[in-house]
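*Asks:*
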Amino acid sequence: MDKLLIIGGNRLHGEITISGAKNAALPILCASLLAETPLQLSAVAALKDIDTTLKLLGIMGVKVARNGDKVSLDASEVASFEATYDMVKTMRASILVLGPLLARFGTARVSLPGGCAIGSRPVDLHIKGLQAMGAAIHITHGYIQASTLHLPNRRLQGARYYMDLVTVTGTENLMMAAALAEGTTVLENAAKEPEVVDLAEMLIKMGANITGAGTDVITVVGVEKLNGTTHNVVCDRIEAGTYMVAAAMTGGEVKLLNARADLLDAVIEKLREAGAVVTSEGDTITVKSDGKLKAVNIRTAPHPAFPTDMQAQFMALNTVATGVAKVTETIFENRFMHVQEMQRMGADISIDGNTALVKGVPYLDGATVMATDLRASASLVLAGLVARGETTIERIYHLDRGYENLEDKLNALGANVKRIA
Ligand code: UD1
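Numbering (the working numbering), first residue to last: 723 to 1143.
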């Protein structure tokens, strides 16, 4: 299994380009199932989760062609309406095929995701939302079996649905399903994440009638059919945020191209509070720091508040900052797996429930570490970049799920990172 070897201590300097967002691309790829004519996408990053989704769509009969960051998808002849356990267990976001399959074909069989490293992460709200639209849903043998065949015109029926927790993929699944439903659907307490907005923008280009994406009430007036379109996936704010923290921690100066500061308000605010200088112009963001950072309290919450997908990276920042920080995770119940590994590098962190108390230390020591999820792995890379000596990160397939060309981008900025088999 591949590992990353990092020699810490280099300041990062230079420019890199941010890739298209993984979390926007995944629902957008699944939305291809809704279209009767081909969809052309650009800025689709080369990531393991994207490969998994393309494989899943291919198994269903979607014709997929990929050329660099461009992907075309033709779902005119879908033959299978199933996502098996093998697919869903490797990538939870496979659940995003449920809404589109059910809305267009009237039937879907999708495995329940089961547990995952960062908590139980149920999909009950996806299911309840589809039921509110009239779907008949049975859970049997670990699978969600859904049908609309008993409904008028075999179509989902528009409904008003309040999600009692803000769920990103839940909002996306229901928005896609509602796009082809009969009548009007109102999704209340909807997720406001930029990736939801990007999906909505593409669905609208496909012919959907959607208003309110980016607010907590999304209204979808169903249409009878959707067509293909062209779409450029929004930039990855979490990838950008990760490199911004890297620049701040190493005391460097990094300019990010294809990055949108307006999607990163809470993260930029915290970086400034920590002492970094962040400026932006057009679609670039520059972060400059002398490496002397102050500890910053973090509390994760749905967008536009501080993203849970940046929590681990700011934990890394706090480990070497001056002072004491409280890091509170409110979205996932088990998202502190990076803490033990950081402790092995000399970090001073104690956990009490969903809060971690991080006391900054003068330096971290390189060590062999591993993490069990994507952003936790990223935080260990950040720790490795500033640690004294050598850090080996194991199980980097997690990083390959979500960071395109991570070591190339870091090395282009002057880091010393090597992939070893
Ligand atoms: C998405 C992102 C993930 C990010 C997360 C929160 C994708 C592919 N993944 O994950 O990177 O960390 O949003 O910003 O976009 N919940 C329920 N029932 C449900 C659905 C969710 O109880 O039916 C709970 C979850 O367990 C969690 C919370 O709601 O505690 C938020 O989860 P959710 O927003 O759904 O996360 P994902 O969409 O899976």
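We put the CB at the ideal spot given by N, CA and C, even for glycine.
On a predicted model such as this, the values are computed, not experimentally measured, just so you know.
Is it the case that the segment 723-731 contacts the segment 743-750, given that we only count it when at least three CB pairs across the two stretches are under 8 Å?
*Replies:* Too few Cβ pairs lie closer than 8 Å, so no.
*Asks:* Could you tell me the alpha carbon to alpha carbon distance between Arg1117 and Asp1031, rounded to whole angstroms?
*Replies:* Those two C-alpha atoms are separated by around 19 Å.
*Asks:* How many Å lie between Asn1040 and Met1092 at the Cα?
*Replies:* Cα to Cα, Asn1040 sits roughly 19 Å from Met1092.
*Asks:* At the level of alpha carbons, what is the spacing between Pro844 and Thr806?
*Replies:* Taking the straight line from one Cα to the other gives about 17 Å.
*Asks:* Let me check you understand the geometry: is the CB of Ala1023 closer than 7 Å to at least one non-hydrogen atom of the ligand UD1?
*Replies:* No.
*Asks:* Given 7 Å as the limit, tell me if Leu1039 has its C-beta closer than that to any heavy atom belonging to the ligand UD1.
*Replies:* Every heavy atom of the ligand UD1 is 7 Å or more from the Cβ of Leu1039, so no.
*Asks:* Please tell me whether Ala868 and Ala830 are closer than 8 Å, where the distance is taken between their beta carbons.
*Replies:* Yes, the Cβ-Cβ distance between Ala868 and Ala830 is below 8 Å.
*Asks:* Using the Cβ count rule (16 or more neighbours within 10 Å means buried), how would you classify Asn949?
*Replies:* Classification for Asn949: exposed.
*Asks:* Could you name the residues of the same chain whose beta carbon sits closer than 7 Å to that of Leu734, not counting the 5 residues immediately before and after it, in chain order?
*Replies:* So the list reads Ala968, Ala969, Thr972, Gly974, Val976, Leu1135, Gly1136 and Ala1137, once near-sequence residues are dropped.
*Asks:* Kindly indicate the opening and closing residues of the beta strand (DSSP E) around Lys860.
*Replies:* What sits at residue 860 in the sequence shown is His, not Lys. His860 -> beta strand (DSSP E) spans Ala858 to Thr862.
*Asks:* Locate the beta strand (DSSP E) running through Ile1073, then write down its first and last residues.
*Replies:* Note, Ile1073: beta strand (DSSP E), Asp1070 to Asp1074.
*Asks:* For Glu1051 and Glu1003, I'd like the C-alpha separation in whole angstroms.
*Replies:* When rounded, the distance between both Cα atoms is 31 Å.
*Asks:* Between Met898 and Lys785, what straight-line distance do the alpha-carbon atoms span, to the nearest angstrom?
*Replies:* Cα to Cα, the separation comes out at about 20 Å.
*Asks:* Closer than 6 Å by C-beta to Val890: which residues in its own chain qualify, once you throw out the five before and the five after it? Chain order, please.
*Replies:* Only Ala913 and Glu915 meet the Cβ criterion.
*Asks:* Just verifying my parser: in three-state terms, what is the DSSP assignment at Arg1097?
*Replies:* Residue state, collapsed to three classes: helix.
*Asks:* Name the DSSP bridge partner or partners of Ile1142?
*Replies:* In DSSP, Ile1142 forms a bridge with Lys725.
*Asks:* Less than 7 Å between the CB of Ala753 and some heavy atom of the ligand UD1, yes or no?
*Replies:* Checking every heavy atom of the ligand UD1 against the Cβ of Ala753, none is found closer than 7 Å.
*Asks:* Only counting the same chain, and skipping five residues up and downstream in sequence, which positions put a Cβ closer than 7 Å to that of Ala935?
*Replies:* The answer, listed in chain order, is Val918, Val919 and Ala922.
*Asks:* Using 8 Å as the threshold, is the C-beta distance between Leu756 and Ala825 below it?
*Replies:* Contact flag set, yes.
*Asks:* List the DSSP bridge partners of Phe1028.
*Replies:* In the DSSP output, where bridge partners are listed per residue, Phe1028 has Thr1022.
*Asks:* Tell me whether Lys1131 is buried or exposed, calling it buried when 16 or more other Cβ atoms sit within 10 Å of its Cβ.
*Replies:* Classification for Lys1131: buried.
*Asks:* From the DSSP output, which residues share a beta bridge with Thr806?
*Replies:* In the DSSP output, where bridge partners are listed per residue, Thr806 has none listed.
*Asks:* If we ignore side chains and look at the alpha-carbon of each, how far apart do Thr1114 and Glu1126 end up?
*Replies:* The straight-line gap from Cα to Cα measures roughly 19 Å.
*Asks:* Going along the chain, which residues of its own chain have a beta-carbon closer than 6 Å to the beta-carbon of Gln1062, five neighbours each way excluded?
*Replies:* So the list is empty, once near-sequence residues are dropped.
*Asks:* From the DSSP output, in three-state form, read off Met898 for me.
*Replies:* The answer is helix: DSSP assigns Met898 an H, G or I state.
*Asks:* Rounded to whole angstroms, what is the Cα-Cα separation between Gly821 and Lys992?
*Replies:* So the two alpha carbons sit approximately 36 Å from each other.
*Asks:* Out of curiosity, what's the CA-to-CA distance linking Tyr965 and Ile1007?
*Replies:* Rounded to the nearest angstrom, the two C-alpha atoms are 11 Å apart.
*Asks:* Give the DSSP bridge partners of Glu904, in chain order.
*Replies:* Answer is Gln879, bridged to Glu904.
*Asks:* Measure the Cβ-Cβ separation of Ala1078 and Val1108 and say whether it is below 8 Å.
*Replies:* Cβ atoms of Ala1078 and Val1108: not closer than 8 Å.
*Asks:* So which of Ile750, Glu737, Glu804 and Gly736 has the shortest CA-CA distance to Met928?
*Replies:* Measuring from the Cα of Met928, the nearest candidate turns out to be Ile750.
*Asks:* Are there 16 or more other CB atoms within 10 angstroms of the CB of Asn732, so buried, or fewer, so exposed?
*Replies:* It counts as buried.
*Asks:* Going by the CB atoms, is the gap between Asn895 and Leu823 shorter than 8 Å?
*Replies:* Taking 8 Å as the Cβ cut-off, Leu823 and Asn895 do not qualify as a contacting pair.
*Asks:* Considering Thr1041, what are the terminal residues of the alpha helix (DSSP H) in which it resides?
*Replies:* First-last of the alpha helix (DSSP H) with Thr1041: Gln1033 to Thr1041.
*Asks:* How big is the Cα-Cα spacing for Leu763 and Leu779?
*Replies:* Taking the straight line from one Cα to the other gives about 15 Å.
*Asks:* Work out the CA separation of His1120 and Asp1095 for me, nearest whole Å.
*Replies:* The alpha-carbon atoms of Asp1095 and His1120 are separated by roughly 6 Å.
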